[in-house]
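Chemist:
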Amino acid sequence: MSNVLDSAIPVACWSCHVAQNNLTLFCSHCSKIQPAAAGDFFQVFGLDRTFQIDLEPLEREFHRLSRKLHPDRFARASGREREWSLVDTALLNDAYRTLKDPLFRTEYLLKLEGAEIGEEHAGKNRKGDEKEFSRAPADLLEEVFELNMQLEEMRASKKMGETDEQLQSDLAAAKAKFESLVTAVDEDLRQQWKIWDEGDAATRETAKTAMVALLDRRRYLSNLVRDVTEALGE
Amino acid sequence: MAESRVVGIDLGTTNSLVAYMEGDQPVVIPGVDGSNLVPSVVALDPIAAGGGRPTVTVGNSARRALIETPERVIYSVKRLMGRGLAEVESELRLFPFRLADDIEEGEVPRIQLGELRFTPPEISAYVLRQLKRNAERYFNKPVTQAVITVPAYFNDAQRQATKDAGRMAGLEVLRLVNEPTAAALAYGLDRAKEGTIAVYDLGGGTFDISILKLRDGIFEVQSTNGDTHLGGDDIDNLLLAVALDEIHAEHGVDLRAHPGAVQALRKVAIDVKVQLSSEPVAYFDFELPNGDRYQREIPRGVFEQLIEPVLDRTVGPCKQAMADAAIAPAQIDEVVLVGGSTRIPAVRQLVDQLFELSARGKKAHTDLNPDEVVALGAAVQADILAGASKTTEELLLLDVTPLSLGIEALGGVVAKIIQRNSTIPASATEHFTTGVDGQTNVAIHVVQGERELASDCRSLARFDLKGIPPMSAGLPRIEVKFLIDADGILHVSAREQRSGKQAEIEVKPTYGLTDEQVESMILDSFDHAEEDFAKRLLIEARNEAETILTKVEQAKTTPPWGALTDEEQASIEAAAMRLRSVKVGDDLAAIREATLALDRSTQRLAELMMDAAVTSAIRGKTMDSAAEELEENVTAPHPMAPAEFR
Numbered sequence: 006m007s008n009v010l011d012s013a014i015p016v017a018c019w020s021c022h023v024a025q026n027n028l029t030l031f032c033s034h035c036s037k038i039q040p041a042a043a044g045d046f047f048q049v050f051g052l053d054r055t056f057q058i059d060l061e062p063l064e065r066e067f068h069r070l071s072r073k074l075h076p077d078r079f080a081r082a083s084g085r086e087r088e089w090s091l092v093d094t095a096l097l098n099d100a101y102r103t104l105k106d107p108l109f110r111t112e113y114l115l116k117l118e119g120a121e122i123g124e125e126h127a128g129k130n131r132k133g134d135e136k137e138f139s140r141a142p143a144d145l146l147e148e149v150f151e152l153n154m155q156l157e158e159m160r161a162s163k164k165m166g167e168t169d170e171q172l173q174s175d176l177a178a179a180k181a182k183f184e185s186l187v188t189a190v191d192e193d194l195r196q197q198w199k200i201w202d203e204g205d206a207a208t209r210e211t212a213k214t215a216m217v218a219l220l221d222r223r224r225y226l227s228n229l230v231r232d233v234t235e236a237l238g239e
Numbered sequence: 081m082a083e084s085r086v087v088g089i090d091l092g093t094t095n096s097l098v099a100y101m102e103g104d105q106p107v108v109i110p111g112v113d114g115s116n117l118v119p120s121v122v123a124l125d126p127i128a129a130g131g132g133r134p135t136v137t138v139g140n141s142a143r144r145a146l147i148e149t150p151e152r153v154i155y156s157v158k159r160l161m162g163r164g165l166a167e168v169e170s171e172l173r174l175f176p177f178r179l180a181d182d183i184e185e186g187e188v189p190r191i192q193l194g195e196l197r198f199t200p201p202e203i204s205a206y207v208l209r210q211l212k213r214n215a216e217r218y219f220n221k222p223v224t225q226a227v228i229t230v231p232a233y234f235n236d237a238q239r240q241a242t243k244d245a246g247r248m249a250g251l252e253v254l255r256l257v258n259e260p261t262a263a264a265l266a267y268g269l270d271r272a273k274e275g276t277i278a279v280y281d282l283g284g285g286t287f288d289i290s291i292l293k294l295r296d297g298i299f300e301v302q303s304t305n306g307d308t309h310l311g312g313d314d315i316d317n318l319l320l321a322v323a324l325d326e327i328h329a330e331h332g333v334d335l336r337a338h339p340g341a342v343q344a345l346r347k348v349a350i351d352v353k354v355q356l357s358s359e360p361v362a363y364f365d366f367e368l369p370n371g372d373r374y375q376r377e378i379p380r381g382v383f384e385q386l387i388e389p390v391l392d393r394t395v396g397p398c399k400q401a402m403a404d405a406a407i408a409p410a411q412i413d414e415v416v417l418v419g420g421s422t423r424i425p426a427v428r429q430l431v432d433q434l435f436e437l438s439a440r441g442k443k444a445h446t447d448l449n450p451d452e453v454v455a456l457g458a459a460v461q462a463d464i465l466a467g468a469s470k471t472t473e474e475l476l477l478l479d480v481t482p483l484s485l486g487i488e489a490l491g492g493v494v495a496k497i498i499q500r501n502s503t504i505p506a507s508a509t510e511h512f513t514t515g516v517d518g519q520t521n522v523a524i525h526v527v528q529g530e531r532e533l534a535s536d537c538r539s540l541a542r543f544d545l546k547g548i549p550p551m552s553a554g555l556p557r558i559e560v561k562f563l564i565d566a567d568g569i570l571h572v573s574a575r576e577q578r579s580g581k582q583a584e585i586e587v588k589p590t591y592g593l594t595d596e597q598v599e600s601m602i603l604d605s606f607d608h609a610e611e612d613f614a615k616r617l618l619i620e621a622r623n624e625a626e627t628i629l630t631k632v633e634q635a636k637t638t639p640p641w642g643a644l645t646d647e648e649q650a651s652i653e654a655a656a657m658r659l660r661s662v663k664v665g666d667d668l669a670a671i672r673e674a675t676l677a678l679d680r681s682t683q684r685l686a687e688l689m690m691d692a693a694v695t696s697a698i699r700g701k702t703m704d705s706a707a708e709e710l711e712e713n714v715t716a717p718h719p720m721a722p723a724e725f726r
């Protein structure tokens, strides 16, 4: 483990001194690698900010840029080119990882657009599980209440070393139900993507609010599915 | 190639190898004994000089010392790399080594070897230095840059320890490559394959599973999983435990008190294991110190039952890797088997079931030697890094980090900042602030692992951010950037954003050596300086010249000399005179040339001397023993040939 020096950000190419826009990873004139400047993940791939992304061309571009930027291409280059290659490739990888995954991408773009997203999809800061019940979507309150009872029973009978087959099949059914609800949320999200991508400022604002709510609902449902799966011991 | 060669090294638990690209093919470089495998065994020679570097032997000769002087020998040190005291202590119960007794928690454990103590990276450095020397002998040039392979599931500390070992051995480690990925590279090299492949790598001490996607020469790892403490060693230990228990029960002898005998018995156990890969039954036959014999038949079925729990431990990681890659067994196009333990038929059956191979009319790939394939892949990666090669210019490896990176948040919970199986290099930026007015430093605890509590994950380091300008609590905004490089090693930098000041970071690695410690452990500093290398070669060449000149002088007093013609004698005299005159100079090539010339001119003299030796050997002996001696003599090298010269 060691420290990385923060690189300075030149406005001109360090090698041929031709002026650069501050987002390029290569000099437009001499093709030398440039230190990554502040920019968003869409800009790394030269894409407009949209929720719908064609994954095939994204992968091709990822491979093309990897071939040029990867530290393996700079193993015997100068110290600063090696460092830039490292930082640029990390940015490229972070960008690809985020954009290729529909949920990561949705959260990321919503945040770029100024939305407040609660607990992140990645399972970051998983705490306060006890609060979940109070955050249950209104239409699911009853079912969630029943499910939590069943989960308690399941855990209790497991502790006793018993298997309650009725309970088990009830839980399996609940799991299937909540999984189908997740799928439904995903479908709704895709519709909102389209609305946002094609809409004007006002439509976008509505779509944004809708997507934030959908993500909340999805996260809640996924946690339920996870809990049931754990209780079933699958 | 203007620059020196980059070699690929497989630093294994049991055996190590060095390879390079010869044209468009990776080739393993043999050692002096002609063997491709250098056992990863290091022995301290009996007479350690007072002070200075100890004399050590590495490889097969060290392995022989294992039975004679077990307290001066260490093997399987890879299992101890980058590990803390508590972890090493539990590991050592299975091995005959002792720890130095004055180590404190937090220090890198040192192993007592005879009267000296060594850290695991130092031991590995001796193995690496041997491989470096083998390559230098082969190329006749210094070798200073290498790619070294590590188990894909190695954590940050284990990777750093491996890099440290390289530095101690005088090698600049251009890249650490994951073993299964290297194997995939060796397999995919000449096929231009597309598709999804799984690499199942069960070696001497570690298990890895990696799933890769191949496309247009890009090897993109989708997921990896494994166990850094699972391998052939565990199987040996099971057989050994059975034998030790039975010997105790049947013969009343507890061999555990005799390290030498245990090592001898371990060797028999390994032979039994190896035999059972090709035979339905194998036998223990072992002489006990009291003269009794322990004899035991082990049918393959019994062996398979015994090792089933070990093999079953590979199933979970395989399933997890497939789940992480979001892939079903039926979507895997090819499976590659790596590591000596995959020769065991039961392992092959397990792999077949796991990936539904025969059900789909497929077979796992075993066409490359499972002991060599990782080193061959490392050589390919070395060639990629060296650049300027047509064969590999289209190839690129995109590997992943095997474990999630997290920081300890309030309540000891882990906040994950880089998920496992993220393509590396990968980075994450986090913001921290102060909790008390005027606070000038913030501590960050970084961990690696999948569990939710920091105490269940592996501690990587504690960072102390210092020099924060005193402000009200919550006002400073410290941006910390975490970056995992292409070797899978973490780097951290920080900046206080309100003042724009680069925050000073003090890193306390939980496990590992400091820079200064590594520096002080560098084996021989002259090894990597080019001019010193030239000096060493010159000294060796002069010694060779001296040896052959002495032999010629001695030969002149023997009868065969008289049997030569005048011209033959004159040409030898002339060649000897020429060698004597260039020997005092510094021209390495001239000395070698003259040595070879003298050697060629003495060809017939050597033959005559050989005949004379054979005749005198046969005289007065029975035909049988003479024939035996003859055989030995015939395979002996040319009596005047400079040994190990070309």
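If you're matching them up, the sequences are chains A and B in order. Its first residue numbered 6, the first sequence is counted upward by one per residue in the working numbering. Its first residue numbered 81, the second sequence is counted upward by one per residue in the working numbering. Glycine residues also receive a C-beta, built at the ideal position from the N, C-alpha and C atoms. No experiment lies behind these values; they were computed from the predicted model shown.
1. At a Cβ cut of 9 Å, what residues of the stretch 239-271 of chain B count as close to chain A, listed as they run along the chain?
2. Would you identify the three-state DSSP class for Met657 of chain B, choosing helix, strand or coil?
3. Should Leu60 of chain A be flagged as near chain B, meaning a C-beta pair shorter than 7 Å?
4. Quick one: Cα of Leu335 of chain B to Cα of Leu310 of chain B, how far?
5. Taking the CB atoms as reference points, tell me whether Glu252 of chain B and Gln225 of chain B lie closer together than 7 Å.
6. Under the three-state reduction of DSSP, which class applies to Ser67 of chain B: helix, strand or coil?
7. Kindly provide the ranges of any beta strand (DSSP E) runs that are 3 or more residues long and lie completely inside the stretch 346-375 of chain B, ordered along the chain.
8. To which residues does DSSP link Tyr280 of chain B through a beta bridge?
9. Quick test of your reading: Leu477 of chain B and Gln461 of chain B, contact by CB under 8 Å. State the CB separation rounded to the nearest angstrom.
10. Pull up the DSSP beta-bridge partners for His730 of chain B, would you.
11. Which whole-angstrom value describes the C-beta separation of Ala566 of chain B and Ala262 of chain B, a residue pair presumed to lie in contact below a C-beta threshold of 8 Å?
12. Counting only C-beta atoms, is Asp565 of chain B closer than 7 Å to chain A at any point?
13. What did DSSP end up calling Gly467 of chain B once you bin it into helix, strand or coil?
14. Quick check on Lys116 of chain A: buried or exposed, where buried means 16 or more other Cβ atoms within 10 Å of its Cβ?
15. Glu135 of chain A by DSSP, collapsed to three states: which one?
16. Can you find the residues in the same chain that come closer than 6 Å, C-beta to C-beta, to Ala405 of chain B, ignoring five residues on each side of it along the sequence?
17. Say whether chain A places a C-beta atom closer than 7 Å to the C-beta of Ala99 of chain B.
18. Ends of the beta strand (DSSP E) at Val122 of chain B?
19. Where do the N-terminal and C-terminal ends of the alpha helix (DSSP H) with Ala299 of chain A fall, by residue?
20. According to DSSP, is Leu52 of chain A part of a helix, a strand, or is it coil?
21. Any residues in the stretch 85-117 of chain A with a beta carbon nearer than 8 Å to a beta carbon of chain B? Which ones, in chain order?
22. Strictly under 7 Å for the Cβ-Cβ distance: is Asp205 of chain A near chain B by that measure?
23. Gly486 of chain B lies in the beta strand (DSSP E); which residues open and close that run?
24. Which residue comes first and which comes last in the beta strand (DSSP E) that contains Pro106 of chain B?
25. Would you please verify whether the beta carbon of Leu476 of chain B is less than 7 Å from any beta carbon of chain A?
26. How is the beta strand (DSSP E) around Leu91 of chain B delimited, first residue to last?
27. Count Cβ pairs between the stretch 104-111 of chain A and the stretch 279-295 of chain B that sit closer than 8 Å; are there 3 or more?
28. Applying the 10 Å Cβ sphere with the 16-neighbour rule, what's the burial state of Asp232 of chain A?
29. If His75 of chain A sits next to Ser90 of chain A, beta carbons under 8 Å apart, how far is it from one beta carbon to the other, in whole angstroms?
30. When burial is assigned at 16 or more other CB atoms within 10 Å of the CB, is Phe79 of chain A buried or exposed?
31. Between Ser294 of chain B and the rest of its own chain, which residues show a CB-CB distance below 7 Å, the 5 nearest in sequence each way excluded?
32. Output the boundary residues of the alpha helix (DSSP H) element that contains Tyr218 of chain B.
33. Report yes or no: do the stretch 515-527 of chain B and the stretch 463-475 of chain B share at least 3 C-beta pairs separated by less than 8 Å?
34. Decide if Gln245 of chain A is buried, meaning its Cβ has at least 16 other Cβ atoms within 10 Å, or exposed.
35. Measuring alpha carbon to alpha carbon, tell me which of B:Gly103, B:Gln400 and B:Val107 ends up nearest Asp451 of chain B.
36. So, is Phe370 of chain B buried or exposed, given that buried needs 16 or more other C-beta atoms within 10 angstroms?
Modeler: Let me lay it out:
1. Against chain A - using a Cβ distance shorter than 9 Å - the residues of the stretch 239-271 of chain B are Gln240, Leu254 and Arg255.
2. Secondary structure of Met657 of chain B (DSSP, three-state): helix.
3. No, Leu60 of chain A does not count as interfacial toward chain B.
4. Near 25 Å, if we compare the C-alpha coordinates of Leu310 of chain B and Leu335 of chain B.
5. Yes, the pair counts as a contact, with Cβ atoms nearer than the cut-off.
6. In the structure as shown, chain B begins at 81 and stops at 726. Residue 67 of chain B is therefore absent and cannot be evaluated.
7. Complete beta strand (DSSP E) runs here, min 3: 361-367.
8. Answer is B:Ile289 and B:Leu417, bridged to Tyr280 of chain B.
9. At roughly 7 Å, the Cβ-Cβ gap stays under 8 Å, so Leu477 of chain B and Gln461 of chain B are in contact.
10. Nothing about residue 730 of chain B can be read from this structure; chain B reaches only from 81 to 726.
11. Not a contact, Cβ separation roughly 14 Å.
12. For Asp565 of chain B, a Cβ of chain A is located within less than 7 Å of the residue's own Cβ.
13. Looking at Gly467 of chain B - three-state DSSP - the assignment turns out to be coil, as it is neither helix nor strand.
14. Per the 10 Å Cβ criterion, exposed.
15. In this prediction, Glu135 of chain A has a pLDDT of 40, which is less than 50 and means its spatial position is unreliable; what the coordinates show is noted afterwards. Here Glu135 of chain A sits in helix by DSSP.
16. By the criterion of a C-beta distance shorter than 6 Å, Ala405 of chain B is surrounded in its chain by Ile291, Gln302 and Ser303, once the five residues flanking it on both sides are discounted.
17. Output row for Ala99 of chain B: interface = no.
18. Counting along the chain, the beta strand (DSSP E) containing Val122 of chain B begins and ends at Val121 to Leu124.
19. With chain A running from 6 to 239 in the structure shown, residue 299 of chain A is simply not present.
20. Three-state result, Leu52 of chain A: coil.
21. Of all residues in the stretch 85-117 of chain A, Leu91, Val92, Thr94, Ala95, Leu96, Asn98, Asp99, Tyr101 and Arg102 have a Cβ within less than 8 Å of some Cβ in chain B.
22. For Asp205 of chain A, the nearest beta carbon of chain B is not closer than 7 Å to its own beta carbon.
23. Residues Leu485 to Glu488.
24. In the DSSP assignment, Pro106 of chain B falls within the beta strand (DSSP E) that extends over Gln105 to Val108.
25. Interface flag for Leu476 of chain B against chain A is set, since a Cβ pair is found closer than 7 Å.
26. It spans Val86 to Leu91 - the beta strand (DSSP E) in which Leu91 of chain B sits, taken as one unbroken run.
27. No: fewer than three Cβ pairs fall under 8 Å.
28. Here Asp232 of chain A is buried. Its C-beta has 16 or more other C-beta atoms within 10 Å.
29. That belief holds up - the Cβ atoms of His75 of chain A and Ser90 of chain A are roughly 7 Å apart, short of 8 Å.
30. The residue is buried, with at least 16 neighbouring Cβ atoms inside 10 Å.
31. Here the sequence assigns Leu to residue 294 of chain B, which means Ser is not the residue at that position. Excluding the 5 residues flanking it on each side, Leu294 of chain B has same chain C-beta neighbours closer than 7 Å at Gly268, Lys273, Glu274, Gly275 and Ile277, in chain order.
32. It spans Pro200 to Phe219 - the alpha helix (DSSP H) in which Tyr218 of chain B sits, taken as one unbroken run.
33. No: fewer than three Cβ pairs fall under 8 Å.
34. One cannot answer for residue 245 of chain A here, as it falls past the ends of chain A, which runs 6 to 239.
35. Nearest option by C-alpha distance: B:Val107.
36. Here residue 370 of chain B is Asn; the residue named in the question, Phe, does not match the sequence. By the 10 Å Cβ count, Asn370 of chain B comes out exposed.
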